[in-house]
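Numbering (my numbering), first residue to last: 4 to 366.
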């Protein structure tokens, strides 16, 4: 759908541009609208100033010299297309005329890809394009071919594999730093994985550990570590959080619940997951119970919006004074509604999910 919307927007823009070419007044209106909505260009971008002087720099009346009394300045966003270059490393051999056999030469610098062509910056570019911009290797190969560089997917894949091996210590260290945090967020999502020999893909999982306490006044920088696993069993959750002591915010998946047996991990369940069940019910039509729950959760969200960024002690005080009574009343009301509903009904299932996770939602 996004592609369809982009095509529609581009078509409308082309029609507006064509109309602007026929009408000066409309063209000025369009320019005024763009100036009002384009925002400011980031200050960190380098500025290349172009000075445009009048064709004549003398007074047209008396032919006297003109002086600058001001200037109009306008900024436009420019780009230099990616340019590849060749770094040539030359290592001169130095010999002594007086001493036979003495030859000195600087050692060959190590390469990220031994025997390969790329510099570290080139490999980093391929990595970012592949994993941050989701640009497949065959498309990157096509882009390189336009520069006259014939590098197949297998070559780029070799670069990625080598870089992945080199970055493992960084990932391990980042995970160690995260596991020292008092609070973490954990989640897992499906990941298609090639299954050689079958001509298909199989389902794998990307497990994630994340930290971002900036909205709550935390000073630690945000960070995230991903860990691949072939399945979704609790053994993978244990491997992900091995040695951790603290609070884990997560959904109600049973694999995370298995972590609390040792007493080192406290689970904090997610109100967004509770809300989702009732939201889906309310979206489907008349659902008075779901609508009531959503209104009560909105009240909790409003309190959180007020205290976001304040010190932890202040947030705790506000939650105990204002949020806790609302939560206690909500669960009392949910329990009463659950007793009136058929056990297999969708509202009853949504209520049971909330009640089964009550401890982790209020702790």
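Note that beta-carbon positions come from the ideal geometry of N, C-alpha and C, so glycine has one too.
For residue j and residue i, the rounded distance between their alpha carbons
i	j	result
residue 264	residue 241	11 Å
residue 108	residue 115	21 Å
residue 74	residue 55	10 Å
residue 336	residue 330	10 Å
residue 201	residue 193	19 Å
residue 154	residue 278	49 Å
residue 256	residue 43	44 Å
residue 178	residue 93	40 Å
residue 111	residue 123	16 Å
residue 316	residue 220	11 Å
residue 312	residue 217	7 Å
residue 183	residue 248	8 Å
residue 356	residue 292	15 Å
residue 156	residue 140	6 Å
residue 165	residue 203	25 Å
residue 95	residue 50	39 Å
residue 348	residue 276	18 Å
Limits of the unbroken alpha helix (DSSP H) element including residue i
i	result
residue 96	Where residue 96 is concerned, there is no enclosing alpha helix (DSSP H), given that its DSSP letter is neither H nor E.
residue 334	327-341
residue 361	361-365
residue 306	291-310
residue 319	315-321
Residue i, enclosing beta strand (DSSP E) - first and last residue
i	result
residue 209	203-214
Cβ distance (whole Å) where residue i is taken to contact residue j below 8 Å
i	j	result
residue 252	residue 271	5 Å
residue 121	residue 162	6 Å
residue 244	residue 268	7 Å
residue 143	residue 159	6 Å
residue 231	residue 258	Wrong, their Cβ atoms sit about 16 Å apart, outside the cutoff.
residue 333	residue 299	5 Å
Closest residue to residue i among the options (Cα-Cα distance)
i	options	result
residue 85	238, 147, 170 and 363	147
residue 360	318, 273, 322 and 304	273
residue 211	187, 205 and 198	187
residue 57	47, 71 and 65	71
residue 375	364, 149 and 170	This structure leaves residue 375 out entirely; the chain is present only between 4 and 366.
residue 365	339, 353, 323 and 346	323
Worksheet item: Residue ranges of each beta strand (DSSP E) run of no fewer than 3 residues wholly in the stretch 125-178, ordered along the chain?
Response: none
Worksheet item: Whole beta strand (DSSP E) runs in the stretch 197-283 with 3 or more residues, listed along the chain?
Response: 203-214, 226-232, 249-253 and 268-272
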